[in-house]
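Just so you know, the numbering used here puts 203 at position 203 of the sequence shown, and the rest follows in order with no gaps.
Where is the CB? At the ideal position from N, CA and C, for every residue including glycine.
No experiment lies behind these values; they were computed from the predicted model shown.
Here's the structure, in structure tokens; my notes come after.
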Amino acid sequence: MAGYSTRVRSDIARWLQAGLIDAATADALTRDVEVNTRKSLSFGSILAMMAALLFGAAILIFVAANWDAIPRLARVAALFAIILGGYVGGAVLKARDHAAIGEALWIVAAAAFGGSIALIGQMYHLSGDEASALVTWGAGTALAAVALRSNPLTVASVGIADAWLFLKGFGYYSRSAFPHAFVGMAIVLFAVSFWTRSQAARHLIILSLLCYLVLLAGNHATLPVAIPLAIVSAALFAASVFAPEPVDRIVQLGGRLPLHALLGFLTGLAIIQFELADESTYNSGFGIASVVALAGIVAAIVLAGRESRGLRWLAYLGFAFELAMLYVVTLQSMLDTAGFFLAAAVLLGILAIIIIRVEKRMKDPATGGAAA
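This is how it looks when you write it as structure tokens:
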């Protein structure tokens, strides 16, 4: 983003010198670039976050290693001092225009809060399990994100919720119920992300909901989950393509809802195909699902491929997956090993030709296309 903003500033100066824009317009454009540059996550900010996480881990490990040697009251005071110091110190630094360091201190405080739950619970023999501790940690981090209007803390709270989802969903905790409560967590965190202006958190929440639906399909009824997922994803894709501005004003995903919708559509169709696939005989239901998937991929490239390179590559991957599925289900019994390699070579060659031709059409200035 820094390189982009530098180029835009130089272009603005060149346009002003050439008389293409007036001074007022140049000043407005420059201010807009500066505002959006400050909102971006620079490489230095990422390093600061990583350093904060490592620093928080080091503090917690030091405290845990010397736990028995520290008096009980001093333990609690030290943990609360780290939390309070991180949040207050981060707020002070951010107010003084040191946003990256301030956000990093908030991450340290959030990590210390999570460690404190475990250490204090062990010290006072509080009832509860690790799942409850994760929920408490995530709720506290989300409240801090709301109070401080912090983008990184919002992402951190979503990450904690994801950890809870996967630990519960994959049965890490014995005899645990399926984590249906994650849907409520996702809704709350999605609402929080608008207040904290965290677009990254919204993207992560949508991907997490897809993972939740995959787990749900694997643990419960497959088709009743997969079919609505494919239909709803197709509807969202259509809405985001034919009414992009009003839809993006609602979801605020930077115009990337079609990419998420295509991923949801392909995920739903893949679940359906795995459910209907029969290696011994050709299944008509599988064939219909494959045709729908291929038609959806073509429609996605035609309708939104020009505006999004990421969507095109997701469509290419989906097309390759469909070719592999069609071979495995319909052709495997008719071909020997040599035939397999020959079929694979032909299919990959066809895929390569299609991708090359599509990319040329998307980039050809004569067609008015520009890769995004």
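Quiz item: Going by the CB atoms, is the gap between residue 272 and residue 205 shorter than 8 Å?
Solution: no
Self-check item: Rounded straight-line distance, which links the Cα of residue 201 to that of residue 169
Solution: 21 Å
Exercise. Enumerate in chain order the residues of its own chain whose CB-to-CB distance from residue 179 is below 6 Å, with the five nearest sequence positions on each side excluded.
Key: 165, 168 and 169
Quiz item: If you pair each beta-carbon of the region 182 to 190 with each one of the region 230 to 249, do three or more pairs fall below 8 Å?
Solution: no
Quiz item: In terms of residues, what are the limits of the alpha helix (DSSP H) holding residue 184?
Solution: 181 to 196
Quiz item: Using CA coordinates, which residue listed in 306, 234 and 248 is at the minimum distance from residue 292?
Solution: 234
Self-check item: Residues near residue 116 in its chain [Cβ-Cβ closer than 6 Å; skip 5 each side]
Solution: 79
Quiz item: In whole angstroms, what separates the C-alpha of residue 10 from that of residue 255?
Solution: 26 Å
Self-check item: Spatial neighbours of residue 198 in its chain, beta-carbon cut-off 7 Å, leaving aside the 5 residues before and after
Solution: 151, 154 and 155
Quiz prompt | residue 310 vs residue 266 beta-carbon contact at 8 Å | solution = no
Practice problem: Closer than 6 Å by C-beta to residue 315: which residues in its own chain qualify, once you throw out the five before and the five after it? Chain order, please. | Solution: 297, 300 and 301
Quiz item: So, helix, strand or coil for residue 135, using DSSP?
Solution: helix
Quiz item: Which of helix, strand or coil does DSSP assign to residue 71?
Solution: coil
Quiz item: Mapping DSSP to helix, strand and coil, what is residue 141?
Solution: helix
Quiz prompt | When 294, 114, 57 and 87 are compared against residue 149, the one with the closest alpha-carbon | solution = 87
Self-check item: Bounding residues of the alpha helix (DSSP H) (the contiguous stretch that carries residue 277)
Solution: Premise fails: residue 277 is in no alpha helix (DSSP H) and is neither H nor E.
Practice problem: Please work out which residues of its chain come closer than 8 Å, Cβ to Cβ, to residue 30, disregarding the five sequence neighbours upstream and downstream, and give them in chain order. | Solution: 9 and 12
Exercise. Look at the Cβ atom of residue 184, then the Cβ atom of residue 160, and state whether they are nearer than 8 Å.
Key: no
Quiz item: Of the choices 102, 73 and 74, whose alpha-carbon is the least far from that of residue 85?
Solution: 102
Quiz item: Does the separation of the CB atoms of residue 229 and residue 264 fall below 8 Å?
Solution: yes
Self-check item: Spatial neighbours of residue 232 in its chain, beta-carbon cut-off 8 Å, leaving aside the 5 residues before and after
Solution: 264
Quiz prompt | Range covered by the alpha helix (DSSP H) that runs through residue 245 | solution = 244 to 251
Quiz item: Is DSSP giving residue 307 helix, strand or coil here?
Solution: coil
Quiz item: How would you write the range of the alpha helix (DSSP H) that residue 378 sits in, first residue to last?
Solution: Given a span of 1 to 372 for the chain in the structure shown, any question on residue 378 remains unanswerable.
Exercise. Report back the beta-carbon spacing between residue 51 and residue 104 to the nearest angstrom; my notes put them in contact at under 8 Å.
Key: 7 Å
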